[in-house]
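Counting in UniProt numbering, the sequence shown runs from 1 upward without gaps.
A virtual CB, placed ideally from N, CA and C, is assigned to each residue, including glycine.
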Amino acid sequence: MFQALCVLLPTLAACDESVWAYGGADATFVLAEIDGAPFPARATLTFPAPGELAGEGPCNLYNAAQLAPYPWFEAGPIAASRRACPDLGAEAAYFEALAAMEFAEVLGGVLILSTSSGREMVFTAAPD
């Protein structure tokens, strides 16, 4: 039994339990709405590698660690460039909402991030 566990343990450690592995790889998701309201600017979200997220807010490029296994979602501290633009308010709302999300669900070309209190962000996959 111990030998079997020793053989399986490295395999389990290599499993990818991230959004990337559950439909997030190779997709660029475009934010459609936050909390049921259409988002007034363009923001994207990608999962470039297991445990990573990145994208483009209305004004700036950003990235962060994705710290929780699927279906949970936890963005690490968001690092963003510092360009000014007229949509800085929308960008602040986007980053605040993204940081609050707790769960992820990928259904075909749709990514839904949500919280236990009912907040929700809906993204659609950009056409290839």
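- Listed as beta-bridge partners of F39 by DSSP are no residues whatsoever.
- A residue is called buried once 16 or more other Cβ atoms fall within 10 Å of its Cβ, and P40, having fewer, is exposed.
- L98 sits away from I112, with the two beta carbons spaced by 8 Å or more.
- I112 is bridged by DSSP to E105 and V122.
- Our two residues, Y70 and E52, have alpha carbons roughly 13 Å apart in a direct line.
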